[in-house]
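**Q** Protein chains in written order, with my numbering: chain A, -9 to 320; chain B, -9 to 320.
1) Mapping DSSP to helix, strand and coil, what is residue 83 of chain A?
2) In its own chain, which residues sit with a C-beta less than 7 Å from the C-beta of residue 134 of chain A, not counting the 5 before and 5 after it?
3) Out of A:15, A:132 and A:149, state which residue places its alpha-carbon closest to the alpha-carbon of residue 313 of chain A.
4) Quick check: is the beta carbon of residue 45 of chain A nearer than 8 Å to any beta carbon in chain B?
5) Below 8 Å on the Cβ atoms is my guess for residue 63 of chain B versus residue 39 of chain B; work out the distance and round it to an integer in Å.
6) Report back the beta-carbon spacing between residue 292 of chain B and residue 181 of chain B to the nearest angstrom; my notes put them in contact at under 8 Å.
7) If you draw a straight line from the alpha carbon of residue 78 of chain B to that of residue 71 of chain B, how long is it in whole angstroms?
8) Identify the contact partners of residue 5 of chain B in chain A, using a Cβ-Cβ distance below 7 Å as the criterion.
9) Give the interface partners of residue 282 of chain B over in chain A, defined as CB-CB distance under 9 Å, in chain order.
10) Measuring alpha carbon to alpha carbon, tell me which residue in B:141, B:140, B:103 and B:167 is nearest residue 152 of chain B.
11) Could I get the ranges of all uninterrupted beta strand (DSSP E) runs contained in the stretch 107 to 162 of chain A, with 3 residues as the minimum, in chain order?
12) Considering only their Cβ atoms, is the gap separating residue 315 of chain B from residue 90 of chain B smaller than 8 Å?
13) Can a CB atom of chain A be found closer than 8 Å to the CB of residue 33 of chain B?
14) Taking all protein chains shown into account, decide if residue 279 of chain A is buried (16 or more other Cβ within 10 angstroms of its Cβ) or exposed.
15) Between which two residues does the alpha helix (DSSP H) holding residue 221 of chain B run?
16) Output the boundary residues of the beta strand (DSSP E) element that contains residue 51 of chain B.
17) Looking at chain B, is there any beta carbon in it that lies within less than 8 Å of the beta carbon of residue 324 of chain A?
18) Taking Cβ-Cβ distances shorter than 8 Å, what residues in chain B pair up with residue 253 of chain A?
19) Is it a yes or a no for the stretch 124 to 141 of chain B touching the stretch 170 to 187 of chain B, going by three-plus beta-carbon pairs under 8 Å?
20) Residue 46 of chain B and residue 286 of chain B look like a contact to me (Cβ under 8 Å); what is the Cβ gap, rounded to whole Å?
21) Buried or exposed: which applies to residue 230 of chain A, given that a residue is buried once 16 or more other Cβ atoms fall within 10 Å of its Cβ?
22) Is the shortest distance between the beta-carbon of residue 221 of chain A and the beta-carbons of chain B less than 8 Å?
23) Using a Cβ-Cβ cut-off of 6 Å (strictly less than) and excluding sequence neighbours within five positions of residue 240 of chain B, which residues of its own chain qualify?
24) Would you check if there are 3 or more beta carbon pairs closer than 8 Å linking the stretch 115 to 132 of chain A to the stretch 200 to 209 of chain A?
25) So which residues on chain A does residue 90 of chain B lean against when the C-beta distance must stay under 7 Å?
26) If you drop the 5 nearest sequence neighbours on each side, which residues of the same chain put their C-beta closer than 7 Å to that of residue 318 of chain A?
27) Does residue 265 of chain B pass the burial test, meaning 16 or more other C-beta atoms within 10 Å, or should it be called exposed?
28) Just checking: is the beta-carbon of residue 287 of chain A within a distance shorter than 8 Å of some beta-carbon in chain B?
29) Is there a Cβ from chain A that is less than 8 Å from the Cβ of residue 247 of chain B?
30) Is the CB of residue 198 of chain A under 8 Å away from at least one CB in chain B?
31) Counting only runs that start and end within the stretch 246 to 314 of chain A, where is the beta strand (DSSP E) found for 3 or more residues in a row?
32) Residue 320 of chain A CB to nearest chain B CB: under 8 Å?
33) Figure out for me which residue from B:306, B:304 and B:251 has the closest Cα to the Cα of residue 290 of chain A.
34) What three-state label does DSSP hand residue 43 of chain A in the structure shown?
35) Since residue 225 of chain B and residue 269 of chain B are thought to touch, with beta carbons under 8 Å apart, how far apart are those beta carbons, to the nearest angstrom?
36) Should residue 214 of chain A and residue 203 of chain A be called a contact, given that it needs their Cβ atoms to be closer than 8 Å?
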């Protein structure tokens, strides 16, 4: 294992410290926790909290700030944060109008965020949560009952974050988040595995010309292993699976997120994005916005995920374009 | 070689197309070229053009837009763009007040940008250029006479871009760019090599526990190979080399860029950033701004580079913070 770290069991601690020291104008560390909270509080607005295991940076700390999250809770690598840490995140986010939790669908996260919700309710903070389950690759998985929550989660952060900034109520935000989540479909592919620092060896193996379709963001199994194929064939395979869910029709207005898993050059991501545009254009759909880059990674995994949001409401596009100040959302 | 591409000789073409299709609100492709130009022209302002070999994305196309570059010219992977392509970039950037070329110091780039300058002058476009040579690792290198131009170049884009937007003249921008360049020192380290698509195999080899200090962004040799070491020791080694140039003193105001080379997780980059802050803090310096992320990559190379800009003028900080609309600068 060759990594730029000091000690495997100090990685998250020192990353959190590095985030706080590097961006004091945007985030502050809640003392004695692994919670990063936005510096410019918004009294009277609903707070938004997300988080989960670390190793997916810039998710979620990179999305803390004006117009997105109020706080992010950083668990150990690929491990849910504990309820007391999430509770600290909720308290940091609370500005008197309640707090919405945006949780990726993994059993540990769902359980711990739920326990934190109960702890916060004992403090008289009103808390609601939405579970993001955008990964259509498999129905149940290693750490999940139902579909996994993956890169599409950042679109939920962005849309719900803009609505929160505009003053929406907790109930409105929960309903919005659930509607947006239902409109997001994601599927991923891995070209190489990744190594959790405390484990010290790759989580799985792939042959020199092999890829895994439907990979999870922790390396959970997908649905098939195939030989590496041209980008346009890969785009076609992933888009056909998404089409089975979205049933694309001419005139559909879409948002596309091509997400790098960590070690895939932007050059390849844009070649792939070009093929995605070609396929969607041939269907007569209209891509209203495209995001390309490392939005939710899996350490140094090579691969990409493809997310397509179907715009059920054109206001969602305005919310995606609403200017924010965060570490990672451009 | 396992890459998400269609054909090795089509990678740059399809990447450029992908960039243009993904961000039509920000950039447009100059027809029949590999030039990406900003959509919202600024008549009466000096144009800024950069570029070079591809494979360093988001540099330079990701920095085209309001407040940064007017156009970026994308050469083949790790190969200078030809004079006619650069000439097309200059024409796209020209808004009647001349064009400044920001060139990384590689022999091929310097020669081709210079020839393009002559071509443009025949069109009566006034052109000046600055050569960025921020890499202190070695004095001459595989493709370079003198020091190489690397990640610090993006700080030049940003500062000079803000001044151009504010209406500075061509002569003022050239002087500013040269002063900023002289204040930027960078040094890099590789943990793994990268593979140019048309070559098909890695450009060099590193043992399982080996790193190369002073690596270039095309994999050019550095100054020493060592065993992987803790992040804080690595930070110390690189900072001591930068200190030999900058001669840090208490009260110095600095800007730090921790740049991922392509395959290094943000988690590791922030652990390293934390160690950089510790070391600089112990020197009594003040880090006024920190950038962490993949700003100038080397395909899927693992490693980081560290750039320190000494703020000779506090206005530079305002220029770095001046809001922009580009693909990659946040």
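The C-beta atom is built at its ideal place from N, Cα and C for all residues, glycine as well.
**A** In brief:
1) Here the question's residue 83 of chain A lines up with position 93 in the first chain. Residue state, collapsed to three classes: helix.
2) For the purposes of this step, residue 134 of chain A is taken as the residue at position 144 of the first chain. For residue 134 of chain A, where only same-chain residues beyond five positions count, the Cβ hits under 7 Å are 95, 96 and 97.
3) For this step, residue 313 of chain A is matched to residue 323 along the first chain. Among A:15, A:132 and A:149, the Cα nearest to that of residue 313 of chain A is on A:149.
4) As a first step, residue 45 of chain A is located in the first chain; it is residue number 55 there, counting from the start. It does; some Cβ of chain B falls within 8 Å.
5) Here residue 63 of chain B corresponds to residue number 73 of the second chain, with the count starting at 1. Here residue 39 of chain B corresponds to residue number 49 of the second chain, with the count starting at 1. With 8 Å as the limit, residue 63 of chain B and residue 39 of chain B qualify as a contact, their Cβ atoms being about 7 Å apart.
6) Locating residue 292 of chain B in the second chain gives position 302, where the first residue counts as 1. Locating residue 181 of chain B in the second chain gives position 191, where the first residue counts as 1. 4 Å between Cβ atoms; contact.
7) Here the question's residue 78 of chain B lines up with position 88 in the second chain. Here the question's residue 71 of chain B lines up with position 81 in the second chain. For residue 78 of chain B and residue 71 of chain B, the distance between alpha carbons rounds to 11 Å.
8) As a working mapping, residue 5 of chain B is identified with position 15 in the second chain. Residues of chain A with a Cβ closer than 7 Å to the Cβ of residue 5 of chain B are, in chain order, 257, 260 and 261.
9) The count along the second chain starts at 1 and reaches residue 282 of chain B at position 292. Those within 9 Å of residue 282 of chain B in chain A are 8, 9, 12, 13 and 317.
10) Here residue 152 of chain B refers to the residue found at position 162 when the second chain is read from its first residue. Answer by Cα proximity: B:167.
11) 117 to 122
12) Start at 1 with the first residue of the second chain, and residue 90 of chain B comes out as number 100. Start at 1 with the first residue of the second chain, and residue 315 of chain B comes out as number 325. No.
13) Here residue 33 of chain B refers to the residue found at position 43 when the second chain is read from its first residue. Judged by the 8 Å Cβ criterion, residue 33 of chain B is not in contact with chain A.
14) Counted from its first residue, the first chain places residue 279 of chain A at position 289. Under this definition residue 279 of chain A is a buried residue.
15) One-based indexing of the second chain puts residue 221 of chain B at position 231. Per DSSP, residue 221 of chain B belongs to the alpha helix (DSSP H) from 221 to 236.
16) Along the second chain, read from residue 1 onward, the residue named residue 51 of chain B stands at position 61. No beta strand (DSSP E) contains residue 51 of chain B, which DSSP labels as neither H nor E.
17) Nothing in the structure corresponds to residue 324 of chain A, since chain A is present only between -9 and 320.
18) For the purposes of this step, residue 253 of chain A is identified with residue 263 of the first chain, where counting begins at 1. Counting only Cβ-Cβ distances below 8 Å, residue 253 of chain A has contacts in chain B at 252, 253, 290 and 292, in chain order.
19) These segments touch.
20) On the second chain, residue 46 of chain B is found 56 positions in, with the first residue counted as 1. On the second chain, residue 286 of chain B is found 296 positions in, with the first residue counted as 1. Yes, they are in contact, since the Cβ atoms of residue 46 of chain B and residue 286 of chain B sit about 5 Å apart, within 8 Å.
21) Translated into the one-based positions of the first chain, residue 230 of chain A becomes position 240. That one is exposed.
22) Within the first chain, residue 221 of chain A is the residue found at index 231, counting from 1. At least one chain B Cβ lies under 8 Å of residue 221 of chain A.
23) As a position in the second chain, residue 240 of chain B is number 250, starting the count at 1. Same-chain partners within the cutoff: 274.
24) yes
25) For the purposes of this step, residue 90 of chain B is taken as the residue at position 100 of the second chain. Chain A residues near residue 90 of chain B: none, gap ~24 Å exceeds 7 Å.
26) By one-based count along the first chain, residue 318 of chain A stands at place 328. So the list reads 48, 52 and 53, once near-sequence residues are dropped.
27) Against the second chain, residue 265 of chain B aligns to sequence position 275. Its Cβ being crowded by 16 or more others within 10 Å, residue 265 of chain B is buried.
28) Within the first chain, numbered from 1, the residue matching residue 287 of chain A stands at position 297. True, the Cβ-Cβ gap to chain B drops below 8 Å.
29) Walking along the second chain from the start, residue 247 of chain B turns up at place 257. No, residue 247 of chain B lies away from the interface with chain A (no Cβ there is under 8 Å from its Cβ).
30) Counting from one through the first chain, the residue named residue 198 of chain A turns up at place 208. Yes, residue 198 of chain A lies at the interface with chain B (some Cβ there is under 8 Å from its Cβ).
31) 276 to 283 and 293 to 300
32) One-based indexing of the first chain puts residue 320 of chain A at position 330. Closer than 8 Å to some Cβ of chain B, the Cβ of residue 320 of chain A qualifies, so yes.
33) Along the first chain, read from residue 1 onward, the residue named residue 290 of chain A stands at position 300. Cα-wise, what sits closest to residue 290 of chain A is B:251.
34) Counting from 1 along the first chain, the entry for residue 43 of chain A is found at position 53. Here residue 43 of chain A sits in strand by DSSP.
35) Along the second chain, one-based indexing puts residue 225 of chain B at 235. Along the second chain, one-based indexing puts residue 269 of chain B at 279. Rounded, the Cβ-Cβ distance is 6 Å, consistent with contact.
36) In the first chain, counting from the first residue as 1, residue 214 of chain A sits at position 224. In the first chain, counting from the first residue as 1, residue 203 of chain A sits at position 213. A contact, by the Cβ cut-off of 8 Å.
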